[in-house]
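Just so you know, we're using the UniProt record's numbering here: the sequence shown kicks off at 1 and counts up by one. The beta-carbon is built from N, C-alpha and C at its ideal position, and this holds for glycine as well.
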Amino acid sequence: MGAGMVSSLRRAGLPVRVWNRDPAKARALTDTGAAAFDSPAEAARGADVVLTMLLDADAVLDVVRQAAPAAGTTWLQTSTVGVEGADRTVAAARELDLVLVDCPVLGTKEPAATGALTLLASGPEEARERLGPVFDALGAKTVWLGEAGAGSRLKLACNSWLFMLTTGAAQAIALARGLGVDPQRFLDAIEGGPVDSPYAHLKGGLMLSGEYPPSFALPGATKDARLIGEALRGAGVADRLTAAVLATMEAAAERVDDPAAVDLAAVVEGLRG
Numbered sequence: 001m002g003a004g005m006v007s008s009l010r011r012a013g014l015p016v017r018v019w020n021r022d023p024a025k026a027r028a029l030t031d032t033g034a035a036a037f038d039s040p041a042e043a044a045r046g047a048d049v050v051l052t053m054l055l056d057a058d059a060v061l062d063v064v065r066q067a068a069p070a071a072g073t074t075w076l077q078t079s080t081v082g083v084e085g086a087d088r089t090v091a092a093a094r095e096l097d098l099v100l101v102d103c104p105v106l107g108t109k110e111p112a113a114t115g116a117l118t119l120l121a122s123g124p125e126e127a128r129e130r131l132g133p134v135f136d137a138l139g140a141k142t143v144w145l146g147e148a149g150a151g152s153r154l155k156l157a158c159n160s161w162l163f164m165l166t167t168g169a170a171q172a173i174a175l176a177r178g179l180g181v182d183p184q185r186f187l188d189a190i191e192g193g194p195v196d197s198p199y200a201h202l203k204g205g206l207m208l209s210g211e212y213p214p215s216f217a218l219p220g221a222t223k224d225a226r227l228i229g230e231a232l233r234g235a236g237v238a239d240r241l242t243a244a245v246l247a248t249m250e251a252a253a254e255r256v257d258d259p260a261a262v263d264l265a266a267v268v269e270g271l272r273g
């Protein structure tokens, strides 16, 4: 995701300084015109905006503290960190005197690389104009949501829907196959109707092919499902559906050699007896 976002920012002509825990990945982005650095502090030095895209809240907070941006710097936090993680980033921004815009994104590698993400932005109103060029480069749509932390909360609701859609398609395909019906006919039947979804066709096509190139890899998906479960319980909403989705993802991960190298579409593997 981060690499794609760098490409979109550079295509828009914005100067970008990058750091990655894997130096080779940072150096690979120099082909876009970005400058690679050996530490978060070097990359953040003199920046108007510091953008974080990492796996979880622990990684985000570790890196932003290493970066130690100058007081008053805008911190654009785009990782999916959950409710408790978002609250921790708000506290860290206050501690470090940063202007936090909590802004997880909807989309995967391709939308990141083509500037077609949906940005779920929450933070101070005065940051909107400053971030305009960045948001124009990264996304096709920006939803502003009020105080920092609201973006992370909405991201969990959006991902809960995405996981239900994906596992629902997987179950329908597995059931059709188990009943001796060509599962492609399921996708043909819903196409163009009120229950159709482009995402069902996208992930369903991968399920039918049995090829799962990583776009939203299983480890990140299971991490997000756990965050959704925590949020549901904290909100007093039953987590039965998400618990079943998480169990299906974990079963899928056990069936593949390298979960990090396969897409969420492999969830269909978790439905096999």
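Leaving out five residues on either side along the sequence, give the residues of the same chain with a beta carbon under 7 Å from the beta carbon of A243.
Position 243 of the sequence shown, counted from the start, is the residue given in the question as residue 243. When the five nearest sequence neighbours on each side are left out, the beta carbons in the same chain lying within less than 7 Å of the beta carbon of A243 are those of G229, in order along the chain.
Please say whether T89 and D102 have beta carbons closer to each other than 8 Å?
Here residue 102 is taken as the residue at index 102 of the sequence shown, counted from 1. Here residue 89 is taken as the residue at index 89 of the sequence shown, counted from 1. With respect to T89, D102 sits close: the two C-beta atoms are nearer than 8 Å.
Under the rule that 16 or more other beta-carbon atoms within 10 Å means buried, what is L175, buried or exposed?
In the sequence shown, counting from the first residue as 1, residue 175 sits at position 175. L175 comes out exposed.
Short of 6 Å in beta carbon distance, which residues of its chain neighbour A253, apart from the five on each side in sequence? Order them along the chain.
Taking the sequence shown and counting its residues from 1, the one referred to as residue 253 is at position 253. Excluding five sequence positions before and after A253, the CB atoms of its chain that fall closer than 6 Å to its own CB belong to L218, P259, given in chain order.
Count the CB pairs spanning the segment 4-20 and the segment 104-117 that are closer than 8 Å, and state whether there are at least three.
The segment 4-20 and the segment 104-117 touch, with no fewer than 3 CB-CB distances between them shorter than 8 Å.
Hey, could you find the ends of the beta strand (DSSP E) A41 is sitting in?
For the purposes of this step, residue 41 is taken as the residue at position 41 of the sequence shown. First-last for A41: 40-44, but that is the alpha helix (DSSP H), not the beta strand (DSSP E).
Euclidean distance between Cα positions of A67 and P104:
Counting from 1 along the sequence shown, the entry for residue 67 is found at position 67. Counting from 1 along the sequence shown, the entry for residue 104 is found at position 104. Rounded to whole angstroms, A67 and P104 show a C-alpha spacing of 20 Å.
Using 8 Å as the cut-off, can you tell me whether the segment 170-187 makes contact with the segment 198-210, which would need three or more C-beta pairs spanning the two stretches below that distance?
Yes, since at least three Cβ pairs between the segment 170-187 and the segment 198-210 fall closer than 8 Å, the two stretches touch.
What are the boundary residues of the alpha helix (DSSP H) that includes A137?
Along the sequence shown, one-based indexing puts residue 137 at 137. Where A137 is concerned, the enclosing alpha helix (DSSP H) stretches over 127-138.
Rounded to the nearest angstrom, what separates W144 and S122 at their Cα positions?
In the sequence shown, counting from the first residue as 1, residue 144 sits at position 144. In the sequence shown, counting from the first residue as 1, residue 122 sits at position 122. A direct Cα-Cα distance of roughly 6 Å separates W144 from S122.
Could you pull the start and end residues of the alpha helix (DSSP H) that A121 belongs to?
Translated into positions along the sequence shown, residue 121 becomes position 121. The continuous stretches of alpha helix (DSSP H) do not include A121, which lies in the beta strand (DSSP E) extending over residues 117-121.
If you draw a straight line from the C-alpha of L202 to the C-alpha of A225, how long is it?
Your numbering for residue 202 matches position 202 in the sequence shown. Your numbering for residue 225 matches position 225 in the sequence shown. About 20 Å.
Between the Cα of D97 and the Cα atoms of D22, A265, T74, V81, which residue gives the shortest distance?
Taking the first residue of the sequence shown as position 1, residue 97 is located at position 97. Nearest in C-alpha terms to D97, of all of D22, A265, T74, V81, is T74.
I need the straight-line Cα distance from A261 to A247, nearest angstrom please.
Translated into positions along the sequence shown, residue 261 becomes position 261. Translated into positions along the sequence shown, residue 247 becomes position 247. Between the alpha carbons of A261 and A247 lies a distance of about 19 Å.
Tell me K141's beta-bridge partners as DSSP assigns them.
Indexing the sequence shown from 1 puts residue 141 at position 141. Listed as beta-bridge partners of K141 by DSSP are T118.
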